[in-house]
Amino acid sequence: MNRTKPSVVSAGRLRYTKLIPITYEYGTLLLESVLSAMNRIALKMLFGDRLKFFTLVAGLTFSALLITQQGSIFCGLLKRFIVAIENTNVPIWVMDPENRFIDDVKPLQETDLYRIRSIGGVGWAMPYLKRLSQVQLPSGKSQNVQLIGYDSQTLIGLPTTAIIAGNVLDLNSPDAVFVDKKALTKLAANEDTPATIGSVFEMEDKRARIVGIVDVANGFQSFPQVMTTYDRAKTYMPPQRKMLSYVLVSPQDNQDPEELAERITKQTGLLALTQEQYITRTLDYFVHNTGIPINFGITVMLGVLIGAAVSAQTFYTFTIENLKQFATFKAMGASSGVLVRMILLQALTVGLIGYGIGVGLASLFGAMLLRAGTELAYFTPWQLPVLCFFAVVIVCLLSSLLSIVKVIRLEPAAVFSS
Amino acid sequence: MPSSSPLLIENNNSVTTEASRLVGVNKSYGKGNLALQVLFDVSLTVKMGEMTFLVGPSGCGKTTLISIISGILSANSGEISLFGHRLDTATDKQKTALRKANLGFIFQQYHLVPTLTALENVAIPLLIDGISEAEAAQLAQDALHAVDLGSRPTAYPRELSGGQQQRVAIARALSRNPKLIICDEPTAALDGKTGQRVLELLKAVAVKPNSAVIVVTHDNRIYDYADRIISMNDGRIIGDERPHSALRGSFLPPEPPP
Ligand SMILES: Nc1ncnc2c1ncn2[C@@H]1O[C@H](COP(=O)(O)OP(=O)(O)OP(=O)(O)O)[C@@H](O)[C@H]1O
Ligand SMILES: [Mg+2]
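Same order as they appear, the protein sequences are chains A and B.
Count along the first sequence from 1, add 9, and you get the number used in this note's numbering.
Count along the second sequence from 1, add 88, and you get the number used in this note's numbering.
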């Protein structure tokens, strides 16, 4: 071998011409150490039939992509319903019994707050205001905003960990409000310069000044959010008899939140729920009273069915075409078990590849959405790829079932029929 | 050509063992009113060291018969033995083991796996036997060599002619050194010359003192290679002849085909 100093060219050559054979060689070695010879023959039979192989992978990719992508959009929507609850993060929510989800505010009386504070076991109880309000922009247009008011002394419920600019203490100064990131563009005085700390706008004919910015996810209504103290928030609303939206409660140290919630419900006639119960109630409402889950369910089912049909059909033709060979193997003494393992390996191999590509594409889709900053909710909880994995495996097993039955039933005598 | 001729003398003296023996075999397909009997009281002995042809019109039961001989199909009645082991009373497992240990198959359509190389195709029976890969590769290469394809181990079936593919199939049948090779219409897909060459090769490599070949065929161009021709009609054996007497076969060139 020619042992000269490696030049850029040879390095390049190494990279492009050697890497592929090297990878191939190590891949082959790896396969050899893991799979028996017959199983590798099964894989060669599979990969050798390019068209069928790609059709199979495409069918399963389609299923995996659809499950993950549609599932993520669905979960994104679900998340929007509960994100406000999660951001507030308090042990107990007290609300009107008719309340179904967090944006479905049925106001309470402020006296309710004092009634709750007097219940035994309550550590603290704080007011929480959540209403739509309107900002008048200098252009003359108006912009709906989600107005949130927290207890003026403690600011309990304010997502302090999400503050990316400003200081909570600044909320003490006159007209001070926090806004979420999205509000910066929506509340800009003109389109070129987004609002920032110190920017001023008018809400219900009252001045508001941005002193802090919070980075929180959007709720279902996805309006810009304006956060301030409870007392100041009231001034940004047309006067009403009932202003209080929720009472946020924490139990005393030795109190079980669920028990306390039950007690509050019983003693006040209001509805008290732990954070978890409230999230469940919200999701229940969402699942039972909107058509959204059904629509998503149908799309996902269709995707799975089409993917399953395509791969089952292709896989079956693949097996039928190989039936003579399988019969020959049988006549030569291969047991049904060996052949079934070969088929399962083939099915699971295309399944895994399809799953990988499908979930990869779905993540890419999510990343692109994130980059584009669209409002489309997209959230992939870890359960989703796991679920998708099992769905794909089941689709593969079902697809190969026909083939497996065929091969088990196959009489070796079939070798002689031409 | 037939180097096995001295053996024929021995065979005529009937001192060799039998590859297969059938006594009073009946076979029907289907049940009850729909049952179709295709073999009637067939008795037959296939000897070692011979190439036995099984001929007869289409549908007369030749394929059925070799399926029964090889233990991949059960008869309704009769005694079937393979190298002295009774098949009619054996379990499927035992039959599979007997097939593995003793039989090789060659088919009209070769039945090679199109996505595997010649060497891989030939190695399959060995791999099924659980022989180590290195050894299987060596034995498969030897078998390819025996059929004059030693230089084409990496060729795929589509890169080979029909005759070459059938030779790969012969190598596959030979690879585990079977005592009986069963061929169903091995030359039907080949032209006359190629068919003759394949048969010649098969006879040279597969017919040995301790092994036998059964060939089912319609192809009268290859009758020359037969040591014995059994004729069938309508599920019965109607003829059993040795086209060249043992002595003639060993000293005289074969007669031209009719
Ligand atoms: N699996 C089966 N089920 C029912 N009938 C069958 C089956 N296999 C064969 N037969 C019938 O049995 C008879 C004998 O068939 P077989 O295949 O043994 O004939 P063959 O002599 O090999 O014919 P060919 O020369 O055309 O191959 C035929 O009438 C055929 O239709
Ligand atoms: Mg036949």
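From the three backbone atoms N, C-alpha and C, an ideal C-beta is built for every residue, glycine too.
Model, not experiment: these values are computed from the prediction.
Close partners of THR179 of chain B in chain A (Cβ separation under 9 Å) are lacking, with about 13 Å as the shortest Cβ gap.
The CB of ASP176 of chain B never comes closer than 8 Å to any CB in chain A; the least such distance is about 16 Å. Taking 9 Å as the threshold, the shortest C-beta distance from LYS333 of chain A to chain B falls below it. Within the stretch 222-309 of chain A, the complete alpha helix (DSSP H) segments of 4 residues or longer fall at 239-244, 266-277, 284-298, listed in chain order.
At least one heavy atom of ligand 2 sits closer than 8 Å to the Cβ of THR151 of chain B.
Secondary structure at GLN322 of chain A: helix, using DSSP grouped into helix, strand and coil.
Per DSSP, reduced to three states, the secondary structure at SER409 of chain A is helical. The three-state secondary structure of TYR198 of chain B, taken from DSSP, is coil. Residue contact with chain A for LEU142 of chain B: absent (no Cβ-Cβ distance below 9 Å to any residue of chain A).
The beta strand (DSSP E) runs of length 3 or more contained entirely in the stretch 162-206 of chain A are, from start to end of the chain, 172-175, 185-189. Taking each of A:LEU69, A:GLY85, A:ASP105 in turn and checking the Cα distance to GLY278 of chain A, the smallest one comes out for A:ASP105. The beta carbons of MET341 of chain A and PHE195 of chain B sit no closer together than 9 Å.
It is roughly 20 Å from the alpha-carbon of PRO421 of chain A to the alpha-carbon of GLY218 of chain B. Short of 7 Å from the beta carbon of LEU237 of chain B, and not among the five residues preceding or following it, lie these beta carbons of its own chain, in chain order: ALA206, GLN252, ARG255, VAL256, ALA259. Sequence-distant partners of ALA228 of chain B (beyond 5 residues in either direction) whose C-beta falls short of 7 Å from its own C-beta, in its chain, are LEU207, VAL210, ALA211, LEU214, SER263. At least 9 Å separates the beta-carbon of PRO168 of chain A from that of VAL220 of chain A. Remark: the shortest separation between the CB of GLY159 of chain B and any heavy atom of ligand 1 does not fall under 8 Å. Annotation: the continuous beta strand (DSSP E) that includes THR140 of chain B extends over 139-143.
Under the 9 Å criterion on CB atoms, THR203 of chain B is classed as interfacial with respect to chain A. When 8 Å is used as the limit between beta carbons, LYS188 of chain B is near these residues of chain A: MET341, GLY342, in chain order. Using a Cβ-Cβ distance cut-off of 8 Å, the stretch 256-269 of chain A and the stretch 71-89 of chain A are not in contact, since fewer than three pairs of beta carbons, one from each stretch, lie closer than that value. According to the DSSP assignment, GLN118 of chain A belongs to no alpha helix (DSSP H), since it is labelled neither H nor E. Of the candidates B:HIS199, B:PRO245, B:ASP230, B:LEU132, B:LEU132 places its Cα closest to the Cα of ARG316 of chain B. HIS233 of chain B counts as exposed, since fewer than 16 other C-beta atoms from the protein chains shown sit within 10 angstroms of its C-beta.
For LYS115 of chain B, the enclosing beta strand (DSSP E) stretches over residues 106-117. Taking 9 Å as the threshold, the shortest C-beta distance from ALA206 of chain B to chain A does not fall below it. Judged by DSSP secondary structure, ALA422 of chain A falls outside any beta strand (DSSP E); it is assigned neither H nor E.
Look at GLU273 of chain B: its beta carbon is less than 8 Å from one of the heavy atoms in ligand 2.
Scanning B:GLY120, B:HIS306, B:HIS199, B:ILE160 for the CA closest to the CA of GLY250 of chain B turns up B:HIS199. Around the beta carbon of VAL209 of chain A, fewer than 16 other beta carbons lie within 10 angstroms, which makes this residue exposed. Only residues of its own chain outside the window of five on either side were considered, and among them LEU332, PHE335, ALA336, LYS339 have a CB closer than 7 Å to the CB of LEU419 of chain A, listed in chain order.
In the DSSP assignment, ASP129 of chain B falls within the beta strand (DSSP E) that extends over 124-135. What ALA46 of chain A touches in chain B, judged by beta-carbon distance under 7 Å, is LEU215, GLU221, going in chain order. Your pair LEU180 of chain A and VAL188 of chain A does not check out as a contact, with CB atoms roughly 12 Å apart and the cut at 8 Å.
Inclusion of ALA192 of chain A and ALA174 of chain A in the CB contact set at 9 Å is not warranted, their separation being larger than that value. Excluding five sequence positions before and after ILE301 of chain A, the CB atoms of its chain that fall closer than 8 Å to its own CB belong to PHE83, LEU86, PHE295, given in chain order.
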